[in-house]
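In terms of my numbering, the numbers along the sequence shown are unbroken and rise by one, the last being 614.
Idealized CB from N, CA, C, for every residue including glycine.
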Amino acid sequence: MPNHASRRNLLAAAVAVAASAAGAAAAASGPAHTPADDALNPDGPPGRRPDRARLRRAVERMSLAEKVGQLFVSRAYGHSATDPDPADAEQNQAAFGVRTAAELVSRYHLGGIVYFAWAHNTRDPQQIAALSGGLQQTALTTGARIPLLLSTDQEHGAVARIGKPATLFPGAMALGASGSAADARRAARIAGTELAAMGIRQDYAPVADVNVNPANPVIGVRSFGSDPRAVAELVAAQVRGYQGAGVAATAKHFPGHGDTETDSHVGLPVMRHTRAAWEELDEPPFRAAVEAGVDAIMTAHIVFPALDPSGDPATLSRPIVTGILRERLGFQGVVVTDALDMAGVRQKYGDDRVPVLALLAGCDQLLNPPDLPLAHRSVLAAVASGELTEERVEESVLRILELKSRRGLFDEAYPSAATVGAVVGARGHLDAADRIAGATTTLLADPGKLVPIDAKAAPRLLVTGTDPVSPSGTTGPPTVVLARELTALGCRATAVAPSRAVAAAAGHAAVLVCTYNVPEGDSPQRTLVTELTATGVPVVLVALRNPYDAARLPACAAELATYSWGDAEMRAAARVLTGAARPSGRLPVPVPGRYPLGHGLSTGS
Numbered sequence: 010m011p012n013h014a015s016r017r018n019l020l021a022a023a024v025a026v027a028a029s030a031a032g033a034a035a036a037a038s039g040p041a042h043t044p045a046d047d048a049l050n051p052d053g054p055p056g057r058r059p060d061r062a063r064l065r066r067a068v069e070r071m072s073l074a075e076k077v078g079q080l081f082v083s084r085a086y087g088h089s090a091t092d093p094d095p096a097d098a099e100q101n102q103a104a105f106g107v108r109t110a111a112e113l114v115s116r117y118h119l120g121g122i123v124y125f126a127w128a129h130n131t132r133d134p135q136q137i138a139a140l141s142g143g144l145q146q147t148a149l150t151t152g153a154r155i156p157l158l159l160s161t162d163q164e165h166g167a168v169a170r171i172g173k174p175a176t177l178f179p180g181a182m183a184l185g186a187s188g189s190a191a192d193a194r195r196a197a198r199i200a201g202t203e204l205a206a207m208g209i210r211q212d213y214a215p216v217a218d219v220n221v222n223p224a225n226p227v228i229g230v231r232s233f234g235s236d237p238r239a240v241a242e243l244v245a246a247q248v249r250g251y252q253g254a255g256v257a258a259t260a261k262h263f264p265g266h267g268d269t270e271t272d273s274h275v276g277l278p279v280m281r282h283t284r285a286a287w288e289e290l291d292e293p294p295f296r297a298a299v300e301a302g303v304d305a306i307m308t309a310h311i312v313f314p315a316l317d318p319s320g321d322p323a324t325l326s327r328p329i330v331t332g333i334l335r336e337r338l339g340f341q342g343v344v345v346t347d348a349l350d351m352a353g354v355r356q357k358y359g360d361d362r363v364p365v366l367a368l369l370a371g372c373d374q375l376l377n378p379p380d381l382p383l384a385h386r387s388v389l390a391a392v393a394s395g396e397l398t399e400e401r402v403e404e405s406v407l408r409i410l411e412l413k414s415r416r417g418l419f420d421e422a423y424p425s426a427a428t429v430g431a432v433v434g435a436r437g438h439l440d441a442a443d444r445i446a447g448a449t450t451t452l453l454a455d456p457g458k459l460v461p462i463d464a465k466a467a468p469r470l471l472v473t474g475t476d477p478v479s480p481s482g483t484t485g486p487p488t489v490v491l492a493r494e495l496t497a498l499g500c501r502a503t504a505v506a507p508s509r510a511v512a513a514a515a516g517h518a519a520v521l522v523c524t525y526n527v528p529e530g531d532s533p534q535r536t537l538v539t540e541l542t543a544t545g546v547p548v549v550l551v552a553l554r555n556p557y558d559a560a561r562l563p564a565c566a567a568e569l570a571t572y573s574w575g576d577a578e579m580r581a582a583a584r585v586l587t588g589a590a591r592p593s594g595r596l597p598v599p600v601p602g603r604y605p606l607g608h609g610l611s612t613g614s
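Here it is in structure tokens:
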């Protein structure tokens, strides 16, 4: 069961930190930077200035069905716009009544398509670019001839829809551990450049949630941390980075998902913050995003009684979307719902009502409804009945077209195959990911004086533990990657399964145990660490995801947090362990009962 007293203490501490932080307005306005950093990573222009009169004329020429179609961003199955694999064609037929993604765009006059690995959209960069080009060709030659806004969730770290050879950066909490706004901006700029090369012009990032709850099952390391001012600075930095690369950034999940104990994919979370706590903790990153000129903000499927006592999820709440986001924060860009197939938005109302209520609340883009034909019909029917006015629909369509214009889609919607090959996974990008990852590894403890390990002595090391599914396209599993990188630095490291680790430990200089989301109380991971410690061989904890693991396990001879488990993070951990790099990461969240916010050792002492 969650430790509610501990959570309340953490929340109180976080509020105190937020309330006492000096210079909040300056922090929220964006990251400080130097001319030298601009020279290394100049942000491009904020975007083309939309010709509103031209766009209004475009809206006026559309039929009602075309206007409604622009509001929807749907999934589509398959790697090709016109020639999907048979199984994907069957999926499209079952879900939408068409066989190809191109037919889907044409039939429903869609405003966008969202790419998923599980929908088989993201095999490799050249394929993605070809898919994007085929979809754009359909959109530009049928119906209202409006370019699509193609999107994905490429947060990096724990959530990455596109893997190698694309460059994979450390995730948000790792960047929070480095504390570098310049690195956060540079990572987003490079990531955005690669997405744009593949035709993807909207990324559902950065995460602006402030994670103050160690039991949060859905945000956690996807957040930059628990200090709202630090999170605000990094959010603003990433907004500028993505949009400088021509990709619409999307700050999420408004009004804040960082203190929930339910995953909105499977249930309806409730945020218990007071209005004052929301203003101190949850609001600053979103305000920073607005002030940085963010193109889009995504809503959360959470109930927030202090902001709206109706019991409606925020996505469907006019007091939250219009009253707070539009009126209080002054956001004039596109409001996109979180995916409408998630349980959190479907529990109170049916799938026919949800899209209508989201529009009435003030949302513009309706993301991935579970039944697109039903959702499209429902919005048309709401206009016919007068529940929604056509003017309200046009208001959202105009915002969406302005975003497309700002990102240059009316000038050049098609990706270039030559650009894809030159840009995606470029050597300079990969080097930047390694350098940025090198500043994120946090050495939490070293009572056994193990770090740095003397690689010149070629010590025998055993690497074991939990091997989570690696982020898309990495070479994982992480225990194997870590062992390989330690060996490359001079050690003799071997990866073994947990079932063999205790028997194999004898004769090794140390055993490195990779952990992943250790629960409170007894668990197989806790048993493994306990049994390895009993062998007398020094045990090094490597917390692959949540740094909170350290509080749920016996103390080890050394403890590291990497916040993610991609190749770059494993290389960075190996460098820290062997002394090839000094640890410089600092905890962006407190670890209850063990380490305070900002903790981190610079040496092994």
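According to the DSSP assignment, Ala467 belongs to no beta strand (DSSP E), since it is labelled neither H nor E. Secondary structure at Gln341: coil, using DSSP grouped into helix, strand and coil. When DSSP states are grouped into helix, strand and coil, Ala126 belongs to the coil group. When rounded, the separation of the alpha-carbon atoms in Tyr423 and Gly142 is 5 Å. With contacts defined by Cβ atoms closer than 8 Å, His262 and Met307 form a contacting pair. Runs of the beta strand (DSSP E) lying entirely within the region 248-322, each at least 3 residues long, are 257-263 and 305-308 in chain order. In the structure shown, Val392 adopts helical secondary structure according to DSSP, grouped into three states. CA-to-CA, the gap between Arg535 and Val527 works out to about 8 Å.
Asp455 carries a coil assignment under DSSP once its states are collapsed to helix, strand and coil. By the criterion of a C-beta distance shorter than 6 Å, Leu113 is surrounded in its chain by Ala85, Phe105 and Val107, once the five residues flanking it on both sides are discounted.
Per the Cβ contact rule, the region 232-251 is in contact with the region 207-224 (3 or more Cβ pairs under 8 Å). Sixteen is the threshold: since fewer than 16 other Cβ atoms of the shown chains lie within 10 Å of the Cβ of Asp420, the residue is exposed. Contact annotation: Val551 and Leu596 have beta-carbon atoms that are not nearer than 8 Å. The Cβ atoms of Arg591 and His517 lie no closer than 8 Å to each other. Bounds of the beta strand (DSSP E) holding Leu159 are Leu158 to Thr161. Apart from the 5 residues on each side of it in sequence, Val365 sits with its Cβ closer than 8 Å to the Cβ of Ser387, Val388, Ala391, Glu396 and Leu397 in its chain, given in chain order.
Segment contact: the region 130-145 against the region 169-178, three or more CB-CB distances shorter than 8 Å; contact assigned.
Of all C-beta pairs linking the region 346-364 to the region 314-330, three or more are shorter than 8 Å, placing the two stretches in contact.
Excluding residues up to 5 positions away in sequence, Ala510, Val511, Ala514, Val520, Val522 and Val548 lie with their Cβ nearer than 7 Å to the Cβ of Leu541 in the same chain. Around the CB of Gly120, 16 or more other CB atoms lie within 10 Å, so the residue is classed as buried. Between Asp476 and the set Gly588, Ala467, Asp463 and Val490, the nearest pair of CA atoms involves Val490.
Approximately 5 Å separates the beta-carbon atoms of Pro179 and Ala446; this is inside 8 Å, confirming the contact.
The Cβ-Cβ distance between Ala570 and Leu453 falls below 8 Å. Per DSSP, reduced to three states, the secondary structure at Gln100 is helical. In the structure shown, Arg501 falls within a strand segment according to DSSP collapsed to helix, strand and coil. Excluding five sequence positions before and after Ala305, the CB atoms of its chain that fall closer than 8 Å to its own CB belong to Gln211, Ala257, Ala258, Thr259, Ala260, Gly342, Val343, Val344, Val345, Gln374 and Leu412, given in chain order. Closest option to Leu586, judged by alpha-carbon separation, among Leu368, Asp236, Gly457 and Pro294: Gly457.
For Val216, there is no enclosing beta strand (DSSP E), as DSSP gives it neither H nor E. Taking a C-beta distance under 8 Å as the contact criterion, Leu290 and Pro237 qualify as a contact pair.
Distance between Met280 and Gly430, taken at the CA atoms: about 45 Å. In terms of CA proximity to Ala583, Ile462 leads the group Val505, Gln136, Ile462 and Gly265. Counted as a single uninterrupted DSSP element, the stretch harbouring Val522 is not any alpha helix (DSSP H) but the beta strand (DSSP E) occupying residues Ala519 to Thr524.
The C-beta separation of Phe81 from Tyr117 comes to about 7 Å, placing the pair in contact by the 8 Å criterion. Unbroken beta strand (DSSP E) stretches of 3 residues or longer found wholly inside the region 371-437: none. Scanning Pro487, Thr503 and Gln146 for the CA closest to the CA of Leu471 turns up Thr503. Taken through DSSP and simplified to helix, strand or coil, Gly142 comes out as helix.
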